[in-house]
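Residue 0 is where the sequence shown starts when you use numbering that gives the first Met the number 0, and the numbers rise one by one after that.
Beta carbons: idealized from backbone N, C-alpha and C, even for Gly.
Structure first, commentary second.
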Amino acid sequence: MSSPSPACRQRFERLFRPLFAAACACLLASGCHTKPKDPVLAQGAELYGRMCAVCHGANGEGYKADEAPRLAQPTLLGSASDTFLRTAISSGRQGTTMSAWGKHRGGPLSPNEVNAIIKFLRGWQNGSLIKLDESPVRADALRGQQTFKAECATCHGERGRDGKQIRIGNPDFLASASNGFLRYAIRTGRPHTAMHAFGDKLKPEEIDGIILALRGWQQEVVALPQPVVPPPSIPPLPLGPVPLNPRGPEPKGFTVHPGTTSVDIVNAELTRGAK
């Protein structure tokens, strides 16, 4: 096969050299703009997989264990502040399966590790935090209790403490959930979960009545026993020979390691007080 003519080579270069240069420029640009991996996010993903996924699911789908809610839920994350999430992770929910993971409560996680998990969870959030309606609650508590019984008790249990769904009457939950957080959850629900939106069914004062009822029941809850926080670690005693019956006679019939000695011989020697 003959070589292409000079004229043919020139036409080829005019057509394809600009394309080749553009392709190289794109490759260089993509390489230069590759963002380094976020170490905090990577740490949060690793900790979530190790500590949280067994109950909440690898993808935050929830209910891999009883009462472990869906976390990959944009309306939840969009209305939950970092403080709300931090409190839940660090201090847990007494009386539920949610353990306290913070070191200050005897758990394994430092504050920075808890923050790393929160950063990972935010990856399931759509957009920025939602502006919540934190206006004062104006309602009748008795009517609120009646509304709760009619609309909420089937899922959340009497006074929100023993239902098959999230225990919204839990004192730890209510202590960290603002009125605006509760309003938003009741009005909009949690899409793709059992929590329906009640904004079109209940009037604003009825929703506020439910909140007022929960706040009243919150005050009735007797404080649950606080978990025992382990004392500061004490250096272990140095290891060394720790003989039984140190002043007893020398044992008889023992086989030198790696051989074995009959339990009958061991028992007999212990009975006679051998060292």
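For residue j and residue i, the rounded distance between their alpha carbons
i: Q42; j: I117; result: 11 Å
i: K202; j: T146; result: 11 Å
i: S29; j: G126; result: With a pLDDT of 47 at S29, under the threshold of 50, the predicted position of this residue should be treated as unreliable, though the coordinate-derived value follows. The alpha-carbon atoms of S29 and G126 are separated by roughly 26 Å.
i: T259; j: E249; result: 18 Å
i: C54; j: G91; result: 13 Å
i: C31; j: P38; result: Note that C31 has pLDDT 43, beneath the 50 cutoff, so the model's placement of it is unreliable and the number below is only indicative. Cα-Cα distance, rounded: 19 Å.
i: P170; j: E157; result: 14 Å
i: T192; j: Y62; result: 11 Å
Closest Cα partner of residue i within the set the options
i: I209; options: I185, R104, S261 and K251; result: I185
i: N114; options: P170, G101 and I206; result: G101
i: T86; options: S109, A267 and A64; result: S109
i: P245; options: R271, G61, D171 and G59; result: R271
i: H103; options: I88, M97, T95 and G94; result: I88
i: L141; options: D161, L211 and P170; result: L211
i: L243; options: Y62, A273, G91 and W216; result: A273
i: Q124; options: S80, H256 and R158; result: S80
i: R137; options: G48, R214 and Y47; result: R214
i: Q93; options: Y62, I129, F172 and A176; result: F172
i: A152; options: P135, A176, N111 and M194; result: M194
i: Q218; options: T192, I206 and A174; result: A174
i: P135; options: I206, N266, G106 and V265; result: I206
i: I264; options: K251, K200, G159 and P257; result: K251
Residues near residue i in its chain [Cβ-Cβ closer than 7 Å; skip 5 each side]
i: L120; result: L70, L76 and L84
i: D139; result: G208
Whole-number beta carbon distance between residue j and residue i, since they are thought to touch under 8 Å
i: P73; j: I165; result: Going by Cβ atoms, the distance from P73 to I165 rounds to 17 Å, so no, they are not a contact pair.
i: K163; j: C154; result: 6 Å
i: G188; j: A176; result: Wrong, their Cβ atoms sit about 15 Å apart, outside the cutoff.
i: E60; j: T96; result: In fact, because the Cβ distance is near 16 Å, the residues do not count as touching under 8 Å.
Close Cβ partners of residue i (< 6 Å) along its chain, the five nearest in sequence each way excluded
i: G179; result: L131, D132 and E133
i: D204; result: First, the residue type needs correcting, since residue 204 is Glu and not Asp in the sequence shown. Once the five neighbours on either side are set aside, the close Cβ partners of E204 are A138.
i: A24; result: Residue confidence for A24 is low, a pLDDT of 47 falling below 50, so the modelled location carries little weight and cannot support an answer.
Chain C within 9 Å of residue i, Cβ atoms only
i: A273; result: Looking for chain C here will not work: only one protein chain is present.
Beta-carbon contacts of residue i that lie in its chain and below 8 Å, excluding the five residues immediately before and after
i: A99; result: S89, S90, G91, G105, G106 and P226
Which runs of the alpha helix (DSSP H) spanning at least 4 residues fall entirely within the region 91-126, listed in chain order?
-> 110-120
What are the complete beta strand (DSSP E) segments, minimum 3 residues, inside the region 152-216?
-> none
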